[in-house]
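Everything on this sheet refers to the single structure shown next.
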Amino acid sequence: MKAFVLDRYGKHRALQLATLPSPTLRDDEVLVQVHAAGLNQLDSKIRDGEFKRILPYRLPLILGHDVAGVVVEVGPRVRQFKAGDEVYARTDDFRIGTLAEFVPVKEASLALKPKGLGMEEAASIPLVGLTAWQALVGKAELKKGQKVFIQAGSGGVGTFAIQLARHLGATVATTTSTANLALVKSLGADLVIDYKMQDFEEVLRDYDVVLHSQDAKALDKSLRVLKRGGKLVSISGPPDPEFGEAIAASAFVKLAVRLLSFGVRRSARARGIHYSFLFMQANGDQLREITRLIEAGSIRPVLDRVFPFEATNEAMAYVEAGRAKGKVVVKLP
Ligand SMILES: NC(=O)c1ccc[n+]([C@@H]2O[C@H](COP(=O)([O-])OP(=O)(O)OC[C@H]3O[C@@H](n4cnc5c(N)ncnc54)[C@H](OP(=O)(O)O)[C@@H]3O)[C@@H](O)[C@H]2O)c1
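Residues -10 to 322 in our numbering are what the sequence shown lists, from first letter to last.
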């Protein structure tokens, strides 16, 4: 099969188009013929070597976490899926590789594709949808009537998180630049701050939840817009000790993780705020919940660009530039 392979870590290093044997299927996996693969910042960060310690992949590696496609084979222990099913998933860590013609996916991480969505739209959902779900429903336990600030509302995570938060009954504030104001309003944001014109810290007060996805400065400011008892959920670091435990990190990495988040945890504690870091996980059950919301019309995918498979490196560069309005997807022939 054809696949885009990372042969060596390196910043902006091009992936190599290679012909490889079809992957071997484990008993609890489903082989999916890839119709579309969603790209994420995580793909470029892995390629750059930023995740070497957290996700120690062996190279060469086929990149790509999100897939939409058709089941072509099922392992002997698979119960819920059969050949011909249209499915989508965020593949598991250490079992990624959706930038290829076929990818094996654990049954527990897979869901049927939402009815009414095309393959490209479906491939745009899993990683960012599950991130928003695990941050807002899981970590933050966001409730009706609460106020949530979602940074970068026009990005992959932001476009989904705004819609999910509104569905949960929260009031949503977000940041974006001038060109994307209409987009985030159309997704349901109640209060939109143009970050090029205004500092969110000057506008927002007494928030219950912040979904943080930007830099350390924004993290600091986020502490000041939360009320006592509020929750700060970060998806862009620094990782917390719970994360070190969850990935069964070495003693060295656990210590590093503890030190990295020491400052923000201390500041949060002093203000009566709960800080947590999320590193999202594949999850088929949660993806089915997301499917229901999409089929009910509560959440829609926001696709910025679809690239042909051959242009995967261009698609990666587009994502990395950090200006995507919603999601970027690669379409297989
Ligand atoms: N920990 C996890 O499990 C996890 C999961 C998913 C994502 N992440 C991380 O979360 C971050 C966001 O991911 P993503 O997929 O949403 O990224 P993305 O789609 O690439 O984000 C692009 C968007 O960010 C906006 N943006 C850039 N700088 C901004 C700023 N200073 N203020 C407000 N908006 C800004 C851009 O809008 P403008 O063009 O208007 O500036 C653009 O629409 C990344 O660092 C990613 O690695 C972590």
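Glycine included, each C-beta is placed from N, C-alpha and C at the ideal position.
>> Closest to Ala304 by C-alpha separation, out of Asp(-4), Ser223 and Lys320, would be which residue?
In response: Considering only alpha carbons, the answer is Lys320.
>> For ligand 1, I want to know if Ala306 counts as a neighbour, meaning its beta carbon is within less than 7 Å of at least one of the ligand's heavy atoms.
In response: no
> Using a threshold of 7 Å, is the CB atom of Asn29 nearer than that to any non-hydrogen atom of ligand 1?
Replying inline: yes
> Could you give the uninterrupted runs of the beta strand (DSSP E) lying entirely in the stretch 77 to 101, keeping only those of 3 residues or more?
Replying inline: Counting whole runs of 3 or more residues, the stretch 77 to 101 contains the beta strand (DSSP E) stretches 91 to 95 and 99 to 101.
>> Between which residues of its own chain and Lys104 is the CB-CB distance below 7 Å, once the five residues before and five after are set aside?
In response: Glu284
>> Can you look up Pro230 in the DSSP assignment and give me helix, strand or coil?
In response: helix
> How is Ala58 classed by DSSP in three states: helix, strand or coil?
Replying inline: The amino acid at residue 58 is misidentified as Ala; the sequence shows Gly. It is a strand residue.
> Which partner residues does Glu18 have in the DSSP bridge list?
Replying inline: Lys95
> Per DSSP, what kind of secondary structure is Pro297 in: helix, strand or coil?
Replying inline: strand
>> Considering only heavy atoms of ligand 1, does any lie closer than 7 Å to the CB of Thr164?
In response: yes
>> Nearest by alpha-carbon distance to Ala178: which of Val(-6), Ile288, Gly107 and Ala259 is it?
In response: Ile288
> Could you give the distance in angstroms between the alpha-carbon of Gln69 and the alpha-carbon of Leu99?
Replying inline: 9 Å
>> Could you pull the DSSP bridge partners for Ala26 from this structure?
In response: Val319
> Which same chain residues, not among the five before or five after Val295, have their C-beta less than 7 Å away from its C-beta?
Replying inline: Glu109, Val318 and Lys320
>> Considering only their Cβ atoms, is the gap separating Ala72 from Val60 smaller than 8 Å?
In response: yes
> According to the neighbour-count rule (16 or more other Cβ atoms, all chains shown, within 10 Å of its Cβ), is Met186 buried or exposed?
Replying inline: With fewer than 16 other Cβ atoms within 10 Å, it is exposed.
> Shortest alpha-carbon distance to Gly12 belongs to which of Val63, Pro45 and Arg36?
Replying inline: Residue identity check: residue 12 is Pro in the sequence provided, not Gly. Taking only the C-alpha atoms, the option nearest Pro12 is Val63.
> Enumerated in chain order, which unbroken segments of the alpha helix (DSSP H) with a length of 4 residues or greater are wholly contained in the stretch 195 to 279?
Replying inline: Listed in chain order, the complete alpha helix (DSSP H) runs (minimum 4 residues) inside the stretch 195 to 279 are 205 to 214, 230 to 235, 240 to 249 and 251 to 259.
>> Looking at Phe266: is its Cβ nearer than 8 Å to the Cβ of Pro227?
In response: Cβ atoms of Phe266 and Pro227: closer than 8 Å.
> In chain order, what residues of the same chain lie with their CB nearer than 6 Å to the CB of Arg247, ignoring the 5 residues before and after it?
Replying inline: Beyond the five residues adjoining it in sequence on each side, Arg247 comes within less than 6 Å, by CB distance, of Pro230 in the same chain, given in chain order.
> Under three-state DSSP, which class holds Lys133?
Replying inline: coil
>> Can you confirm whether the stretch 242 to 260 touches the stretch 142 to 156 when touching is taken to mean that 3 or more C-beta pairs between the two stretches lie within less than 8 Å?
In response: no
>> The alpha helix (DSSP H) that contains Phe189, what's its start and end?
In response: Phe189 to Val192
> Using the rule of at least 16 other Cβ atoms within 10 Å of the residue's Cβ for burial, across every protein chain shown, is Asp32 buried or exposed?
Replying inline: buried
> DSSP state of Ala346, grouped into three classes?
Replying inline: Because the chain in this structure spans residues -10 to 322, residue 346 falls outside the shown range and cannot be described.
>> Let me see if you follow: with CB-CB separation under 8 Å, is Lys95 close to chain D or not?
In response: No chain D appears in the structure shown, which is made up of a single protein chain.
>> Less than 8 Å between the beta carbons of Gly142 and Thr164, yes or no?
In response: yes
> Can you tell me the Cα-Cα spacing of Asp293 and Gly218, whole angstroms?
Replying inline: 37 Å
> Can Gln140 be considered in contact with ligand 1, in the sense that its beta carbon sits closer than 7 Å to one or more heavy atoms?
Replying inline: yes
> Less than 7 Å between the CB of Met108 and some heavy atom of ligand 1, yes or no?
Replying inline: no
>> Which residue marks the beginning of the alpha helix (DSSP H) containing Leu116, and which one marks its end?
In response: Pro115 to Ala121
> By Cβ distance below 7 Å, which residues in the same chain neighbour Asp16 in space, the five residues on each side in sequence not counted?
Replying inline: Gly64, Pro65 and Arg66
> Can you give the beta carbon distance from Val19 to Val94, rounded, assuming they're within the 8 Å contact cut?
Replying inline: 5 Å
> For Val176, which option in Pro290, Gln5 and Leu6 has the closest C-alpha, if you only look at C-alpha atoms?
Replying inline: Per the sequence presented here, residue 176 reads as Leu, with Val not at that position. Closest by alpha carbon: Pro290.
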